[in-house]
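**Student:** If you scroll down you'll find the structure; I have some questions about it.
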Amino acid sequence: MKKWLRSLSGRQIKLGISTVISVIIFLALTGVIALLAGRQTEQQVARRWDSEGGVAQVSCFFSPNAKITQDSIESFEHSLDNALKEASIEQDSPNPGARLWADAYSADGTITLSTDRGSIEADALGIGGDFFLFHQPLLLNGSYFSGNDLMQDYVILDRDASWQLFGSTDVVGMTVNIAGRPHMVIGVVERPSGKLYEAAGLDGTRVFVSYETLSAYGKSGGINHFEIVMPNPVKQYAENYVREQLGTPEKEVEVLENSSRYRIGKRLLLLFDFGTRSMNGKAIIYPYWENVARGYEDILALLTLFQMLFLIYPSGVVLVWIVIRWKNKTWTARTVLAALQDKWQRAGDRRREQRKSGKGKEEKSWLDDDSEEKQKRRQQKQEERRRRKLDREFQADRKKSGKR
Amino acid sequence: MDENRSKRKEWVKNAAIVFLIILLLLTFFSNTIQNYSLPEVATQYVESGSITAKIRGMGVVESGDPYNVKIKEVREVASVEVKVGDKVEAGQVLCTLTEADSQQLDQAKTDLEQKQQALETAQFNFEKQLLTGNYEVSIMQNAGDTGTVSGYLSQIYSAKNEMEAAQTKVDEWNTVIANIDMQLAYNPYSADVSKETKAVNEAQAELNVIENDLTGARNWLTSLDAQIEQEKAAISVSSGDASRLDNLLSQRLTANQNVIGLESRQRSAEQNLKNAQAALDAKKGTADLDNTLNQQKAFAQLSLGNAQAYFELKKTAYDDLIKNIGDTYALSELTDAIANAQKDVEEAQAKVDKLTSDAMGGEITAPISGLITSINVKSGVETPSDGIVFTMQPEGKGYTMSFSVTNQQATRVSVGDPAELVNAWRNDDIQVTLASIKPDPNNPGQNKLLTFDVTGESVIAGQSLNVTVGSKSANYDYLVPNSAIREDSNGKFILVITSKSSPIGTRYFASRVDVEVLASDDTKSAVSGAVESYMYVITTSTKPVEAGKQVRLANN
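Encoded structure:
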C-alpha cells in the first residue's frame, strides 16, 4: 500500500483526494435531502396511514371555476367505495372502525371573529372531512376537529389570533362570535414561521373553521383543495382514479401524488422541467402547504443537481483511471495466471520450510532479527525522504533560474 | 531514534486521553443528548366519566301567534310613538298620521266630484231641452196635463232645492257624528273598567286574608298571655315549671312578631286597595264622559237616519218628476242620462262614505295589549301597501324559536327535551323546550328544523338565544381526550406511554393500543379496547410519533 502510495505523483494524489471529498459531499447531500424530505410530514400521510405501503396520498387543487361542492365530494366518496369493492380491496383489520381511505377538503377565505375584547379579520381555512389527519400544526392547547364531528361550530386559532381575541393561549372551550353566531374554541396551534412559510401564505393570523361556517359567515370562493389517502394496488392507480372520477375539466384542476414527489426520479424530472415549471396556465391558487412543498421541491432539486455533480466527478475520475490502467496494462490473462501459480507455489515452499526448521529457529530470538530489519527499513525511508527533499529543492532552484 | 519513539508515544498517549474524555462525556450526557433528539409528548390519564353529546344552536325568538296591526289605506306617517320591545296596552297610540286624507279617499272624492258634475250637466241638458223644445199643447193635453213648461221647470227647481236641503241636513248630521267619534277617540282611556275592578277585588281579597290571619294571630297572642299569667301564678305557688314559662314566653315573642308583621302587611294591603279603588274611580269618571258622548252620538245617528229618509223622499219625488216630464215630452234619453248620472253619483258617494267611515283618523292605536315585535313604518314615509304597520306579540301568548340542524344532529334529540341556555345567568327565568322536529324547508333532504317553545317573563320577540339540547349524559369507564385519538388504515388507536428503567435513567416509549370510539363530546371520547385506567395517553407531540419509538415527556 505504502509502495503504491509512494509511486503516485502529486497530481494523482490531488485527484484522489478530490475524488474522496466529492464522494463524501455526495453522501452528505444524500443525507440532507433525505432529512429535508422526511421533515415534510404533510407529504408523508401515506406512510403514516399504512406503514406497510400499498397506499398513496393524492392532492387536488381546483380553480374557482371547478365548482366543487360537498355533494360532488360525497358522490366521489360513494363511487370510491364501489370501485374498491369491485377491485376486491377490502378492509381486513380486526378493528371495527378501520377504514380503507380517508379524505379531506378545504376552502381558503377570510373570516371575522370577535370577542368582548376585540375583533379580528383572519385568513381562514374552512375544512371538511379528516383535514387534520393530513395537516397537523403543532397544538399548544386542545385538540383538532373533524368535518365528521357532530357539531361544526368549532374554531382552531393560531397563537396570534388567540392572543388578540383573548390575551391568552389557554382558551380552549371559550366562545368567539362569527357573524354574531357563537363558536367554540377547540384548539390553539402554533403557526409555522420562517421565510419559506411566510412566502407560502402563512404571513397573517390564521384560523381553522368548518367549511359550513366559512361558507355561511365568511368570504370564500368555494372548495379549492381535496386530499385523499387510499389504496394504491398498482403504480399511479390512486392518482389516475382521482383524476378520472372527480369529473373536473383538466384546465380547472391539478392532481398530484404526494407520496412520491421527493423521490429521486421526480427530482430529476423536476430538473428537466427547469424553466417551464414556473409557468401556470390554470387559475389555481395553491394553499400554504402546497407552496411549502413546492418550495422544498425546488430546494431538493437544486441539492440533487449538486448531488449528481459530486457523483459524476468521482465516477469520471475512476473511469479515466480504469481506462488508463487498461491501456497501459503490462499483463495478459496468461501472465496473471502464471503469477498466481508462482505465488501459490512460493507460499507452499514457505510453509514447508517453516515446518522443517522447527523450534531451533524460534530460540534464535526473532525479536532481535526483527528489530534489525526494522532499523534497516527506517534508515532506508529516511534516506528516501532526504533524497526527495533534495530533488524538490533542486527542482525549485531550476525553476527560479529558468525564470531569470 | 529514541527521541522519535518517545514523541510517538506521547502522541498516542494524548490521543488516548482525548478519546477517553470524549467517551466519558458522551456516556454522561448520552441521555440528555438523546432526549433533545426525541419528540416531546404531552400526556393525560385515561379516566372514567360521562359523555354528553349536545347540539348547540342559536335562534331568534318569534311570537308564537303574532298579531298584525293593519290599516286599509295608504297614509303618510307623522311620527312613530313606540319602539320594538315596548309593552303597550289596548288603545295606546302606536303612531300618528298626517292630516291629509288617504290616497284612496282623495281619489274617491275626486271621482265623486266628477260624477256630480256629470249629473249637473245631464240635468242642465234636460232643462235646456225642455226650454228650447217646441212642445205642442196637444201633447200635454193628451197626457192629461194642464201645466206649462215654465211651470214644470219651477217644479223641477223646487224639488231639486228640497232634495239639496235634505242632503245638507244629512251632511250636517254626519259631521256631528264624526266630531263625537273624534272626541271618543281622543279620550285616552278605555271605558272598559273590568281590569280595574279585578284589581280592586284582588286587593280586597288579599286584605281579607291578611285580616283573617291577623285575627287568628291576635287570638293566639291573647291565649299565650293567658297561659303565661297562669304559669306565673303557678310558679308563685311553687307548682309551676320555669322551663315551660320560658317556652311560653318564647312562643309569645314569635306570636307578637307575627302580629306586627301581619299588621304591616295589612297597612300595605289597605294602601293597595285604596290605589286600586282610585284607579277604578278615575276610569269610571272617564266612562261617564264616554256615556255622554255615546248618548249624543246615538241621537245624532237617529237624526241622521231621519234626514236620510227625508232626503230619499225628496229624491224620489224629484226623480219621479223628471221621469214624468221626460215621458211626456219624449225626453227619455235625457232622463235616462240623468238617472245613470245619479246612479254613478250614488255609487261614488257610497265609496267616499265607506272610505270615510273606514278612515283611521289621525292615529293608529293598539287593538290589543301586548308587545311590539316589529315596526314597518317610519316618520315621513307612507304606510306600506299591504297595510301591516305593526306586529305585536299578544299578552299571554307564547314564543317560539327555531334553527336548522343536520339529520345526524337531529337524531340526538327528541321532542320534549329541555334545552339549556348558554349564559343562562342572563336569562334565568327563560325555559326552552323542544316542540317539533321537521324537515327544513330550505334543505329538506339534509337538514331538520328544530322548533322550541320559549317561555319566561324576560322573553321578548327578536331576542337571540343560544341553547344546547341533547341526550342525557352516559357514564363510561375509559375516557381519553379527543386529541389522543389517532387513525390509520388499521383503525383508530391511542398511543400510551410505557417505561423501561436503565442504569442511566428511565426511558419512555410510545405503544399503540387499538380502540373503538364509543361516543364523543367536545373534548373527550369514550373508548373500548385494551385500555386500562390511569394509563398515560399521548395527546400532543412536537414531532410525529410512531408506535415503539422512544419519546420525551413534557415537563408539565
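If you read the protein sequences in the order shown, they are chains A and B.
Read left to right, the first sequence gives residues 104 to 507 (my numbering).
Read left to right, the second sequence gives residues 728 to 1283 (my numbering).
No residue lacks a Cβ here, since even glycine has one placed at the ideal position from N, Cα and C.
Let's see if you can read the secondary structure: which residues bound the beta strand (DSSP E) around A/Thr407?
**Tutor:** It is not in any beta strand (DSSP E) - A/Thr407 instead sits in the alpha helix (DSSP H) that spans 391-430.
**Student:** Within 10 Å of its beta-carbon, does A/Arg294 have 16 or more other beta-carbons around it, so buried, or fewer, so exposed?
**Tutor:** buried
**Student:** Are the C-beta atoms of A/Ile289 and some chain B residue less than 9 Å apart?
**Tutor:** yes
**Student:** Anyone know if the C-beta pair for A/Ser362 and A/Asn335 falls short of 9 Å?
**Tutor:** yes
**Student:** In the DSSP assignment, find the beta strand (DSSP E) that holds A/Val161 and state where it starts and stops.
**Tutor:** First-last of the beta strand (DSSP E) with A/Val161: 158-165.
**Student:** Can you give me the Cβ contacts of A/Gly463 inside the same chain, cut-off strictly under 7 Å, excluding the 5 residues immediately before and after it?
**Tutor:** Caution is warranted here: a pLDDT of 47 is assigned to A/Gly463, below 50, making its placement in the model unreliable, and the coordinate value is therefore given only provisionally. Excluding positions up to five away in sequence, the list is empty.
**Student:** Measure the alpha-carbon distance for A/Ala264 versus A/Leu241 and round it to whole angstroms.
**Tutor:** Those two C-alpha atoms are separated by around 15 Å.
**Student:** Give me the residue from B/Glu1090, B/Lys896, B/Ala1027 with the minimum Cα distance to B/Lys1041.
**Tutor:** B/Lys896
**Student:** Where do the N-terminal and C-terminal ends of the beta strand (DSSP E) with B/Ser1163 fall, by residue?
**Tutor:** Run containing B/Ser1163: 1158-1166, per the beta strand (DSSP E) assignment.
**Student:** In terms of alpha-carbon separation, which member of A/Thr144, A/Leu260, A/Ser175, A/Lys502 lies closest to A/Thr351?
**Tutor:** Closest by alpha carbon: A/Ser175.
**Student:** What are the start and end residues of the alpha helix (DSSP H) that includes B/Arg1213?
**Tutor:** Unbroken run through B/Arg1213 is the beta strand (DSSP E), 1213-1215; no alpha helix (DSSP H).
**Student:** Rounded to a whole number of angstroms, what is the C-alpha to C-alpha distance between A/Thr308 and B/Leu821?
**Tutor:** Distance between the alpha carbons of A/Thr308 and B/Leu821: 49 Å.
**Student:** Do the segment 214-232 of chain A and the segment 182-194 of chain A touch if we need at least three Cβ pairs shorter than 8 Å?
**Tutor:** no
**Student:** Do you know offhand how far A/Asn244's Cα is from A/Asp273's?
**Tutor:** A/Asp273 has its alpha-carbon roughly 7 Å from the corresponding atom of A/Asn244.
**Student:** Can you tell me which of B/Thr1233, B/Ala1274, B/Ile1224 puts its alpha carbon nearest to the alpha carbon of B/Tyr772?
**Tutor:** Here the closest residue by C-alpha is B/Ile1224.
**Student:** Against A/Ala396, what residues of chain B qualify as contacts under a CB-to-CB distance less than 8 Å, listed in chain order?
**Tutor:** For A/Ala396, no chain B residue has a C-beta closer than 8 Å to its own C-beta; the minimum C-beta separation is roughly 16 Å.
**Student:** Out of B/Asp898, B/Phe851, B/Gln894, B/Ile907, point me to the one whose CA is closest to B/Leu880's CA.
**Tutor:** Looking at the Cα atoms, B/Phe851 is the closest of the given residues.
**Student:** Taking buried to mean at least 16 other C-beta atoms within 10 Å of its own C-beta, is B/Leu1353 buried or exposed?
**Tutor:** Beyond the ends of chain B as shown, which are 728 and 1283, falls residue 1353 of chain B; an answer cannot be given.
**Student:** With a CB to CB cut of under 6 Å and the five nearest residues on each side skipped, what residues in its chain are close to A/Lys170?
**Tutor:** none
**Student:** With 7 Å as the limit, tell me which residues of the segment 748-781 of chain B have their beta carbon closer than that to any beta carbon of chain A; keep them in chain order.
**Tutor:** Ala780
**Student:** When you check each C-beta in the segment 1228-1258 of chain B against every C-beta of chain A, which residues fall closer than 9 Å?
**Tutor:** Asp1241, Val1242, Glu1243, Val1244, Ser1247, Asp1248, Asp1249, Thr1250, Gly1256
**Student:** So which residues of chain A does B/Val739 contact, with C-beta pairs closer than 8 Å?
**Tutor:** Within chain A, no residue comes near B/Val739; the closest Cβ sits about 18 Å away, beyond 8 Å.
**Student:** When you compare the CB of B/Gln1277 with every CB in chain A, is at least one pair closer than 9 Å?
**Tutor:** no
**Student:** Give a yes or no on whether the C-beta atoms belonging to A/Asn327 and A/Ile367 are separated by under 9 Å.
**Tutor:** no
**Student:** Compute the Euclidean distance between the alpha carbons of B/Val1079 and B/Ala892, then round it to the nearest angstrom.
**Tutor:** 20 Å
**Student:** For a contact defined as C-beta to C-beta under 9 Å, what are the partners of A/Thr144 on chain B?
**Tutor:** Result: Lys1270, Pro1271.
**Student:** Using a Cβ cut-off of 9 Å (strictly closer), state whether A/Gln457 contacts chain B.
**Tutor:** no
**Student:** For B/Arg783, which residues does DSSP report across the bridge?
**Tutor:** B/Thr1195
**Student:** Using the three-state DSSP reduction, which class does B/Asp1113 fall into: helix, strand or coil?
**Tutor:** Of the three classes helix, strand and coil, the one that applies to B/Asp1113 here is coil, per DSSP.
**Student:** Under 7 Å Cβ to Cβ from A/Val345, same chain only, skipping five residues before and after it: list those, please.
**Tutor:** Result list for A/Val345: Val161, Cys163, Ile331, Val358, in chain order.
**Student:** Taking the alpha carbon of A/Gly304 as the reference point, which residue from A/Pro390, A/Arg397, A/Ile192 has its own alpha carbon closest?
**Tutor:** A/Pro390
**Student:** Assuming B/Lys1276 and B/Val1207 make a contact with CB atoms under 8 Å, what is their CB distance in whole Å?
**Tutor:** In fact, because the Cβ distance is near 20 Å, the residues do not count as touching under 8 Å.
**Student:** Please compile the residues from chain B whose C-beta is within a distance smaller than 9 Å of the C-beta of A/Asp153.
**Tutor:** Asp1215, Ser1216, Asn1217
**Student:** Cβ atoms of B/Ser1268 and B/Val1278: under 9 Å apart, would you say?
**Tutor:** yes
**Student:** Quick check on B/Gln1028 - is its C-beta less than 9 Å from some C-beta in chain A?
**Tutor:** no
**Student:** Do B/Glu789 and B/Gly1097 have their C-beta atoms closer together than 9 Å?
**Tutor:** No, Cβ-Cβ distance for B/Glu789 and B/Gly1097 is not below 9 Å.
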